[in-house]
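Structure first, commentary second.
2 protein chains.
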Amino acid sequence: MKVLNKHTDYAVRALIALGMKPGSRMSAKALSDDQGIPYQFLRRILQELIRNDLVTSKEGAGGGVALAKDPDGIRVRDVIEIFQGRVQVSECMFRKQLCSNRTNCVLRHEIMRIEQMVNDEFSKVTIGKLIADLKRVEETGRVLHGENNQ
Amino acid sequence: MKVLNKHTDYAVRALIALGMKPGSRMSAKALSDDQGIPYQFLRRILQELIRNDLVTSKEGAGGGVALAKDPDGIRVRDVIEIFQGRVQVSECMFRKQLCSNRTNCVLRHEIMRIEQMVNDEFSKVTIGKLIADLKRVEETGRVLHGENNQ
DNA sequence: TTAACTGATACTAAATTAGTATCAGAACAA
DNA sequence: TTGTTCTGATACTAATTTAGTATCAGTTAA
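Sequence lines, in order, name chains A and B. Note that this note's numbering has the first sequence beginning at 1, numbered continuously upward. Note that this note's numbering has the second sequence beginning at 1, numbered continuously upward.
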């Protein structure tokens, strides 16, 4: 069960890279080389971020992309929703119609709770926070992976 | 972003149905009719549950399947892991090798935290709990869908 | 005026998901 | 002892999603 797909993963990495160089534009090519993300794939991801106002772009030579807002205002949750849609149970029917299958319902009820929790958590994680983490890591020279690491 | 696939969804529904009739075996056919799950698909799901010791089976006429253990001992997390694998970030590399990409790492660190939360929550939801919920629902005649319902 | 860019969009391969079909063998019942 | 009801194993298929490629048009700066 994969939580993030490549679109989201690359998008977040690109956003972090852009956020690390505030003010300066970067070309998709430079970002691609920098982050090791396939160029054409990254192009499409950036266009999606532009359409969703997380990134601004400038065409032509010397052009490129930059963050459209403060890194603290960009939530990982937003990125996930752009590329993977809202976190949800299989096909949740009970928003549309009266609940026909009660067995189904009790399961969905539990999952809605967990769904909400996950959304809340991904809302708290912003590009700004990730950049701060990253800078801390670069200072101490080591990555903390938490407890669940062998 | 879908949390549960059909395998998991159907498996949980089947487990609940079996747990509702303690002691008695049911044929896959009866379960299929009962729950509206495609027969051949359900067969394969049940076989997987049998292999993972959540369900026992008896061959031949009058045979069928039954829960292999107490409903309270079957966690939705177990079912998810059987059909969808462990909840995890895209391809988490840093378990295998030294972390080469630090940008990646800070994101993964956050996600590991959320991953852990989700696993803990899905561990708390057991078939027994769902059955209890379901019985409560049937008594009051109405399903509570929580706050996030319009 | 040409090289370095983005915008838009069509295409493809591989993997996953959901579901179907078939054959062999076990157990019960007449 | 034979037919019927069941599971075990496994091969197959269609649709969708994921990941990635390719192309052409238009913009801007030097």
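Cβ atoms here follow ideal geometry from the backbone N, Cα and C, with glycine treated the same way.
- The DSSP-derived three-state label of residue 79 of chain B is helix.
- With respect to residue 11 of chain A, residue 49 of chain A sits close: the two C-beta atoms are nearer than 8 Å.
- DSSP places residue 12 of chain A in no beta strand (DSSP E) but in the uninterrupted alpha helix (DSSP H) bounded by 6-20.
- At least one C-beta of chain A is nearer than 8 Å to the C-beta of residue 130 of chain B.
- Below the 8 Å Cβ cutoff, chain B contributes no neighbours of residue 33 of chain A, its closest Cβ being approximately 14 Å away.
- As the crow flies, the alpha-carbon of residue 120 of chain A is around 28 Å from that of residue 138 of chain A.
- Residue 83 of chain B is classed as buried because its beta carbon has at least 16 other beta carbons within 10 Å across all chains shown.
- Rounded to the nearest whole angstrom, the C-alpha separation of residue 46 of chain B and residue 55 of chain B is 8 Å.
- Proximity to residue 63 of chain B across B/73, B/31, B/85 and B/81 peaks at B/31, based on C-alpha coordinates.
- Below 8 Å, enough C-beta pairs join the region 32-45 of chain A and the region 11-20 of chain A to call them touching: three or more.
- Put simply, the backbone Cα of residue 24 of chain B is about 18 Å away from that of residue 132 of chain B.
- In this structure, the CA atom of residue 134 of chain B is about 38 Å from the CA atom of residue 9 of chain A.
- Excluding residues up to 5 positions away in sequence, 126 and 128 lie with their Cβ nearer than 7 Å to the Cβ of residue 72 of chain A in the same chain.
- With contacts defined by Cβ atoms closer than 8 Å, residue 80 of chain A and residue 1 of chain B form a contacting pair.
- With its beta carbon at least 8 Å from every one in chain B, residue 79 of chain A lies outside the interface.
- Residues of the region 56-70 of chain A with a Cβ closer than 7 Å to any Cβ of chain B: none.
- Nearest CB-CB separation between residue 84 of chain A and chain B: below the 8 Å threshold.
- Leaving aside the five residues that flank residue 130 of chain A on each side, the residues in its chain whose CB is nearer than 6 Å to its CB run, in chain order, 16.
- Residue 65 of chain A and residue 117 of chain A do not touch by the CB rule: their CB atoms are close to 33 Å apart, not below 8 Å.
- The beta-carbon of residue 41 of chain B is placed no less than 8 Å from the nearest beta-carbon of chain A.
- In the structure shown, residue 66 of chain B adopts extended strand secondary structure according to DSSP, grouped into three states.
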